[in-house]
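Numbering follows full-length UniProt numbering, in which position 30 of the sequence shown is assigned residue number 30; successive positions increment by one, without gaps. Have a look at the structure below, then the notes.
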Amino acid sequence: MRLGLYVNLYADKADRPRLADAVEQVRLAEEAGFAWVVLGERHLHRPGYHEAVTSLAYLAAHTERIGLATAGLIAPVYHPVWLAETLAHIDVLSGGRLTAGFVLGYRPEEFTLYGTQPRERVARFEECLELVTRLWTEDEVTHEGRFASLDGAFLSPRPVQSPRPRIWNGGRVPAALERTARMCDGWTTSFNELDADLPGKIAEYLSYPRRAESLGAEVIVCREGYCAPTTQLARAALEEPLRGLYDAYGDWKRTSADAERYAQEWDDIAARSVIGSPEECADRLGHYAAMGADGVVLRVQPPGMPQADALRAIEAYGTDVLPLLAAR
C-alpha cells in the first residue's frame, strides 16, 4: 500500500496560503515513506489558492525522492500543448517523478474564466489527453481537431520517464470510468466516495478495455486522514476544520450530483476515512487494500488546521502506521 499526501493549498480569510508550510509537510512525508505529494486545483477562491502546476515545480525543487502528482488538473480548460510542455518540464526538473492526474471539472465559473463551455468538457478532455500523450511520446504531432490544430508540433525536452509519465483521472459515473480505462493509467476516487460503493466501482473500472499503450490500471483511493494516539484526539484535531471545508464544498458543488455528500455527520465522514489511532488507521488502509486499492491519498490538513497538527499526523503515519502495515 502506497500513501499520498494531499497538500492544502487553501487559506482561510485570516491568512494567505503558505508554500513554506507545504514544503515542510512534503519533506516530512518524504522522510516518512509517503509515495506521492498530491495537489489539486481551484480557481476563483477569494481567500487564496496557490496555482497547482507552479506549486508542483516549487515542491520538486525542495524534495528529492517523493513522487509529484496532481489530482486533478481541469484538462478541458487548458490548451493541450501548454499542458503537455509544462508537465513534461516538471518531469524533467524532478528527475522523472511526475504523475499527471486530471478531472473534467464541474464549476461553470471556472470554465467561463478560461473561455470554455461546460457542455464541451468531455470532447475537450478527450482531445487534450490524446494530444498530451502523443506530444510526450512522438517525435512530431500533426492533428486537425475540433479545438486544436497542430502541424509538426514537438516537445524538446520530452519527459524523463519512458515511455511517459503515468496519467490518472477522477470521476465516478460509468462514462468516466470507461474513459479512464481507455485513456489513462489510473483512477482516483473522490474523497467522499462511499466505502459501500467502492468495490463495485473498482470492479467496473477494471472491467473496461484499456488501450495498448496503457501503463496499467491503478486504483487510488482519496480519503480524509488523521492519525493521533487515540481516536478522540484525532477527531478533536480534524473535525472543526474539516467541517468548514465541507461547508465550502457544499456551496462550490451546488451544480454537482454529489453535493449532498458534503452535508453529513461526523460518523458518516469517519466511516469513509482513515482517521484514528495508528492501529485503526492501519486497519482502514488494509481495508482499502483488500478492496483492490493500489494507493491511498490522505488529506490531513483542511484549511484552518494549525501546521503543528498536520505535521504530527504525517509523522504518525510514517513512524506508527506504515510499520504496522509492513508487519502484516
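Each residue gets a CB set at the ideal place from its N, CA and C atoms; glycine is no exception.
Kindly list the residues whose CB is nearer than 6 Å to the CB of residue i, restricted to its own chain and excluding five residues on each side of it in sequence; keep chain order.
i    : result
N169 : F102, T180, C184
A153 : V141
R42  : Y49
M305 : P241
E85  : L155
G33  : G318, L322
T189 : V221, C222
I167 : A100, C184, D185
P199 : M291
C128 : A75, P80
Bridge partners of residue i, per DSSP?
i    : result
Y205 : The partner list for Y205 (beta bridge, DSSP) is empty, contrary to what the question assumes.
W266 : Per DSSP, none; premise fails for W266.
S149 : E144
E224 : R299
G218 : For clarity, residue 218 is Glu in the given sequence; the question names Gly instead. For E218, which the question treats as bridged, DSSP gives the partners G186.
V103 : I74
A69  : V38, T99
G276 : C227
Y10  : Y49
Rounded to whole angstroms, what is the Cα-Cα separation between residue i and residue j?
i    : j    : result
A196 : I202 : 11 Å
A327 : D320 : 11 Å
G96  : S273 : 31 Å
L3   : A148 : 37 Å
L44  : P108 : 11 Å
Q25  : D151 : 43 Å
D267 : R134 : 45 Å
L322 : A282 : 7 Å
A176 : A35  : 25 Å
A316 : E265 : 25 Å
A271 : D139 : 48 Å
P47  : A248 : 12 Å
L310 : R243 : Sequence check: residue 310 is Ala here, not Leu. Each residue's Cα considered, the two are about 16 Å apart.
E130 : L83  : 12 Å
V297 : H79  : 28 Å
Y114 : V132 : 19 Å
E120 : Q232 : 46 Å
G295 : V219 : 7 Å
Q307 : Y208 : 42 Å
A237 : I269 : 14 Å
H143 : P165 : 22 Å
H89  : A234 : 39 Å
E126 : T137 : 17 Å
G286 : V300 : 18 Å
L206 : G171 : 14 Å
F111 : E224 : 27 Å
V187 : A212 : According to the sequence displayed, residue 187 carries Trp and not Val. W187 and A212: Cα-Cα distance of roughly 17 Å.
P118 : Y106 : 8 Å
L194 : L104 : 20 Å
Let's see if you can read the secondary structure: which residues bound the beta strand (DSSP E) around residue i?
i    : result
L298 : 295 to 299
Y6   : 2 to 6
R166 : 166 to 170
What is the C-beta distance between residue i and residue j, in whole angstroms, given that I count them as a contact (C-beta under 8 Å)?
i    : j    : result
D91  : P163 : Actually they are not in contact, since the Cβ atoms of D91 and P163 sit about 12 Å apart, beyond 8 Å.
Y226 : A293 : Incorrect: roughly 19 Å between the Cβ atoms, too far for contact.
V37  : L68  : 6 Å
Let's see if you can read the secondary structure: which residues bound the alpha helix (DSSP H) around residue i?
i           : result
R26         : Reading off the sequence, residue 26 comes out as Val, not Arg. V26 -> alpha helix (DSSP H) spans 19 to 32.
R312        : 307 to 316
V92         : 80 to 93
L39         : Premise fails: L39 lies in the beta strand (DSSP E), 36 to 39, not in any alpha helix (DSSP H).
Y58         : 52 to 61
residue 337 : An answer regarding residue 337 cannot be provided, because it is not within the stretch 1 to 328 covered by the chain.
A326        : 322 to 327
T112        : 108 to 113
Please return the same chain residues whose Cβ sits closer than 8 Å to the Cβ of residue i, not counting the five positions on each side in sequence.
i    : result
R210 : A181, R182, A217
E31  : G318
T116 : P76, V77, R124
Q161 : D91, G96, L98
G40  : Y6, L9, A52, T70, A71, G72
Excluding the 5 residues preceding and the 5 following residue i in the sequence, name in chain order all residues of the same chain whose CB lies nearer than 7 Å to its CB.
i    : result
S214 : D185
L245 : P302, P303
A123 : R146
P278 : C227, A316, D320, V321, L324
T63  : V26, R27, E30
Y58  : L19
S94  : A60, L68
E204 : P174, L177
A289 : M1
Counting only C-beta atoms, is residue i closer than 8 Å to chain B at any point?
i   : result
A75 : This model lacks chain B altogether, as it is built from one protein chain only.
Report whether the distance from the Cβ of residue i to the nearest heavy atom of the ligand GTP is below 7 Å.
i    : result
S190 : You won't find the ligand GTP in this model; it holds no ligand whatsoever.
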